[in-house]
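Residues in the sequence shown are numbered from 1 upward in steps of one, following the UniProt record's numbering.
Built from N, CA and C at the ideal position, the CB exists for glycine as well.
Note that the structure is a prediction, hence the values are computed from the model and not measured.
Take a look at the structure below.
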Amino acid sequence: MIYALIDIGSNTMRMNMYKCENNTIHLLFGTKEPAGLAGYVDYGVLSQKGIDKAISVLRSFQGIVSNFQVDQLYVFATASLRNIANSNAALKQIKKATELEIDLLSGEDEAILDFIGAIKVTDMDDGIVVDIGGGSTEIVTFKERQIINAASIPIGSLNLYKHWVEGLLPTKEEQKKIKREINKELDLMEDMMIDSYDSICGVGGTIRGARKLNNAAYDLPDANGLLEVKKIKKVLKRLGKDDRDAVDQILKVVPDRVHTIIPGMMILKEVAKRFEAKDIHVSQYGVREGYLYDKVLKEKVLDV
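Pasting the structure below:
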């Protein structure tokens, strides 16, 4: 069977196609569009331009799907359509224009699916799964490969940028405001931060971008997926100078995240600090693979 999955994210809309045999999945094709839907949200409402952008990208993805022998297409949305006041109206309009049924995931569901995807490809028994998106951040603590707590906070790399940053990169003063905002949200999660964990299993584009910047800064192979938190802090400090060198480095390594990578890495830094984590294992699997295993293949991954 061949399945296509579309993930409507706040920063990026992605589509992956998978071939599934005997509950094993193989990625056949993947594409993405930096739609930046969170940038179209004002006073909690997704604008008509934002809705039109989502429709345009979905139609483009439908055109690609039509050229493949896909057995089933699934579409889900996360904070992009979850954390807006006109969620129902936007979903209705998108469905009318595309004839697509969109599964709107709750924050907790998204966090759990992140874990289900990540746990399939990590050998970590205890740790934290962290997924920093454009409009939210999901955090899961786990022991003996079972979930202890799963939560979502409504801050991500793009909405932090939009709310606090006026220029291309955040100034020192803007970084202070971003840090306060991050910690205000993390303070609400104190109950799940009782235990410390050495390792984070990192999911999503922000953490993959952090990996690229880390590997470039320390002349490590592109494929390296193990990051030291202390080195990530040094990279962030260097990029946080808000000068031409910082802009050039980001444009060279992660040009599609030039606005959002610093706010995203600041979230990662503060989460790591709260849990006293020392390293980050970058996962190639996340919410899309978790959705495929849990919602489509109906595999009981949580029994691992």
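Report back the beta-carbon spacing between residue i and residue j to the nearest angstrom; my notes put them in contact at under 8 Å.
i       : j       : result
Ile-139 : Ile-128 : 6 Å
Ile-51  : Gln-93  : 6 Å
Leu-239 : Ile-262 : 6 Å
Tyr-40  : Lys-49  : 6 Å
Ala-118 : Ser-10  : About 20 Å; that fails the 8 Å criterion.
Phe-68  : Met-17  : 6 Å
Thr-260 : Gly-167 : The pair is not a contact, with the Cβ atoms about 13 Å apart (cut-off 8 Å).
According to the neighbour-count rule (16 or more other Cβ atoms, all chains shown, within 10 Å of its Cβ), is residue i buried or exposed?
i       : result
Ser-199 : buried
Val-121 : exposed
Thr-31  : exposed
Glu-289 : buried
His-269 : Residue identity differs from the one stated: residue 269 is Lys in this sequence, not His. Counting Cβ neighbours within 10 Å, Lys-269 comes out buried, since at least 16 surround it.
Asn-83  : buried
Met-1   : exposed
Ser-136 : buried
Glu-110 : buried
Ser-66  : exposed
Asn-22  : exposed
Ser-106 : exposed
Gly-209 : buried
Phe-142 : buried
Which value, in whole angstroms, describes the spacing of the CA atoms of residue i and residue j?
i       : j       : result
Lys-273 : Met-193 : 11 Å
Met-189 : Ile-148 : 13 Å
Asp-248 : Ile-64  : 34 Å
Val-130 : Lys-230 : 17 Å
Val-304 : Asp-125 : With a pLDDT of only 41 at Val-304, under the threshold of 50, the placement of this residue in the model should not be trusted; the figure read from the coordinates follows. Going from the Cα of Val-304 to the Cα of Asp-125 covers about 10 Å.
Lys-241 : Lys-172 : 7 Å
Lys-233 : Ala-151 : 24 Å
Asp-103 : Tyr-197 : 32 Å
Asp-219 : Val-57  : 36 Å
Ile-178 : Arg-14  : 27 Å
Lys-237 : Ala-217 : 12 Å
Tyr-291 : Asp-245 : 39 Å
Thr-98  : Leu-91  : 10 Å
Val-203 : Leu-160 : 19 Å
Ile-112 : Pro-170 : 32 Å
Just to confirm, are residue i and residue j a CB contact at a threshold of 8 Å?
i       : j       : result
Val-75  : Ile-6   : yes
Thr-12  : Ile-132 : no
Met-266 : Gln-175 : yes
Leu-37  : Lys-53  : yes
Val-45  : Ala-85  : yes
Stretch-stretch touch, CB-based, cutoff 8 Å, three pairs: the segment 181-193 with the segment 281-299: no
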